[in-house]
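For reference, the structure is listed below as structure tokens.
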Ligand code: DAH
């Protein structure tokens with residue numbers, strides 16, 4: 176057989192094979208069989224030596240033309256197959272976004288946490304820093320520096336969990352006041368949220384573990400007017416512009432004078448209802464001007480500086496905020512309750 180016939184045969188075989196290949200991998204193989212080092216067309220070119228010298232240019236030209244045609248046929252098949260493969264892959268990877276699925280349950284922010292965030296946002300907006308302190312606290316900070324010396328009768332009001340003679344589970348967040356005064360220089364403007372502990376029986380309004388938010392401001396010329404203005408802004412921000420504050424004289428060893436603060440009942444908006452026992456007001460926090468003795472014990476000159484402090488019961492304002500009547504609901508993690516806050 177001459178080279179021409181071989182060439183013819185190779186071309187026909189290629190056509191048959193091209194009709195059979197199903198994927199790009201098989202096509203690559205076919206290409207190697209034809210044009211690779213040991214390929215049939217390559218072998219043919221090597222056989223040129225046996226062609227008469229005068230025929231070689233013509234023959235070379237023919238082979239090259241045929242080779243170009245075959246290459247083009249291979250490439251066009253390659254394009255066709257890769258496109259088909261790509262389409263197959265896309266089809267396989269496609270998501271049916273209309274297919275119904277089990278939607279995962281969306282959680283909710285716990286009401287206590289939601290109210291805490293609002294309170295902190297409000298005070299951050301007024302220029303306060305948020306600080307934290309230890310839950311296991313030295314008697315020194317929890318009581319002594321707050322003007323509650325050993326044997327002081329007011330200690331009885333706080334049913335303390337003692338760890339030992341000098342260490343307690345903090346009964347309020349007020350010890351953070353002492354820690355901040357000892358570690359920072361005025362002006363001081365902080366709020367401190369956290370857990371506090373008291374040996375109380377659990378009922379609708381008591382829990383041995385609950386939360387307070389402490390506030391402290393120390394600067395030159397701070398007055399009771401600043402305290403009232405600050406708490407009034409807080410009340411309005413949290414519950415609405417029509418809410419007012421009412422200050423009643425009270426006593427705390429660490430403030431002088433001291434007050435308890437009532438807010439317009441957010442249930443009846445002051446008209447009087449079951450929640451406020453008909454008074455139109457609800458007590459939410461204790462506060463006062465920081466006792467000069469406390470300033471002194473905490474290294475702040477009471478001649479130069481004055482300040483105010485307050486302690487908010489977080490559960491209390493949360494219950495009132497949502498009209499919840501039993502504090503235990505806030506601790507039990509009952510999903511039927513919590514789902515309502517989604
Ligand atoms: N520590 C008080 C309590 O637990 C609350 C309190 C009252 C905090 C007056 C204060 C304050 O900072 O000035 O009952």
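In our numbering, the protein residues as written are 176 to 517.
Built from N, CA and C at the ideal position, the CB exists for glycine as well.
No experiment lies behind these values; they were computed from the predicted model shown.
Query: Buried/exposed call for residue 500, threshold 16 Cβ in 10 Å; Result: exposed
Query: Sufficient close CB pairs (3 or more, under 8 Å) joining the region 282-297 to the region 385-396; Result: yes
Query: Beta-carbon gap between residue 234 and residue 185 smaller than 9 Å; Result: no
Query: Ligand 1 heavy atom lying under 8 Å from the CB of residue 484; Result: yes
Query: Residue 522: CB within 8 Å of a non-hydrogen atom of ligand 1; Result: No information on residue 522 is available, as it lies outside the stretch 176 to 517 that the chain covers here.
Query: Between the CA atoms of residue 222 and residue 188 - distance to the nearest angstrom; Result: 19 Å
Query: Same chain, Cβ closer than 7 Å to residue 361, five either side skipped, listed in chain order; Result: 393, 394, 475 and 480
Query: Residue burial classification, residue 232 (beta-carbon count within 10 angstroms, cutoff 16); Result: exposed
Query: C-alpha gap between residue 359 and residue 502, whole angstroms; Result: 36 Å
Query: The region 299-317 in contact with the region 434-449 per 3-pair CB rule at 8 Å; Result: no
Query: Under the three-state DSSP convention, the category residue 510 falls into; Result: helix
Query: Residue 236, buried or exposed, once every other Cβ within 10 Å from all chains shown has been counted against 16; Result: exposed
Query: C-beta contact flag for residue 408 and residue 438 at 9 Å; Result: no
Query: Contact test: residue 462 Cβ vs ligand 1 heavy atom, cutoff 8 Å; Result: yes
Query: Other residues of its chain near residue 397: CB distance less than 7 Å, five sequence neighbours each side excluded; Result: 481, 482 and 483
Query: Residue 430 Cβ short of 8 Å to ligand 1 heavy atom set; Result: yes
Query: Environment of residue 314 [buried if 16+ CB atoms lie within 10 Å]; Result: buried
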